[in-house]
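Trainee:
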Amino acid sequence: MNRETANPVTGDPQDIGSSDRFVVRATAEGHFAWLRTRLAIERTMMAYLRTAVSLIGFGFGIVQFFVNFHKIDGESAARFPHAAWYLGLALIFCGVMAAVFAVREYRWTLRYMWGPSFAPIAGMTKEGRNTPLLATSIVLILIGIFAFFAVLLNLV
Numbered sequence: 286m287n288r289e290t291a292n293p294v295t296g297d298p299q300d301i302g303s304s305d306r307f308v309v310r311a312t313a314e315g316h317f318a319w320l321r322t323r324l325a326i327e328r329t330m331m332a333y334l335r336t337a338v339s340l341i342g343f344g345f346g347i348v349q350f351f352v353n354f355h356k357i358d359g360e361s362a363a364r365f366p367h368a369a370w371y372l373g374l375a376l377i378f379c380g381v382m383a384a385v386f387a388v389r390e391y392r393w394t395l396r397y398m399w400g401p402s403f404a405p406i407a408g409m410t411k412e413g414r415n416t417p418l419l420a421t422s423i424v425l426i427l428i429g430i431f432a433f434f435a436v437l438l439n440l441v
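In my numbering, each residue carries its 1-based index in the sequence shown increased by 285.
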């Protein structure tokens, strides 16, 4: 069901579900609102990465703790000796997947923000500007994959 409304500038009918449902005016207020939104996207991405780092690090830490725990004299054998290994792998996997999904969402949102609807207020360049956040995310994903396979193949 398509609903239509009148465009406030031209008075022509427009589809509410279309991507051009906003009227963007090139004003200082609009540009600064766009910048605030862009910085909010960056902060959200950094929060996702902090969560991913925590999951990967905690998973790796659990595995290392319980691998070395049985070496302590006087400690009895664990009831489920591989439970910590499975839990660590699961946490590392969740951290890597959180980073992958965060990168996907980040790229999609930036493409939308630099799209034709917001071009009048977006900025100085057509293609947009990138921050080191995307490169950091990719490095984190690679480290997480390495940690996953190091634990999976008992390399640590």
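We treat Cβ as the ideally placed atom computed from N, Cα and C, and that holds for glycine.
#1: Just to confirm, are V338 and V436 a CB contact at a threshold of 8 Å?
#2: Is it buried or exposed for G400, if we count other Cβ within 10 angstroms and need 16 for buried?
#3: Are there 16 or more other CB atoms within 10 angstroms of the CB of F350, so buried, or fewer, so exposed?
#4: Measure how close the beta-carbons of G429 and A384 come, nearest whole angstrom, since I'm counting them as under 8 Å.
#5: Given that a residue counts as buried once 16 or more other Cβ atoms are within 10 Å of its Cβ, and exposed if not, what is L438?
#6: At what residue ranges does the segment 339-422 contain a whole run of the alpha helix (DSSP H), taking only runs of 4 or more?
Mentor: Per the coordinate set shown:
#1: Numbered from 1 along the sequence shown, position 53 holds the residue referred to as residue 338. Numbered from 1 along the sequence shown, position 151 holds the residue referred to as residue 436. Not in contact: V338 and V436 (Cβ atoms no closer than 8 Å).
#2: Taking the sequence shown and counting its residues from 1, one reaches residue 400 at position 115. Exposed, since its Cβ has fewer than 16 Cβ neighbours within 10 Å.
#3: Counted from its first residue, the sequence shown places residue 350 at position 65. Looking at its Cβ environment, which holds fewer than 16 other Cβ atoms inside 10 Å, F350 is exposed.
#4: Against the sequence shown, residue 429 aligns to sequence position 144. Against the sequence shown, residue 384 aligns to sequence position 99. The pair is a contact, with the Cβ atoms about 6 Å apart (cut-off 8 Å).
#5: Here residue 438 refers to the residue found at position 153 when the sequence shown is read from its first residue. By the Cβ-count criterion, L438 is exposed, with fewer than 16 other Cβ atoms from all chains shown falling within 10 Å of its own Cβ.
#6: The qualifying runs are 368-398, 404-407.
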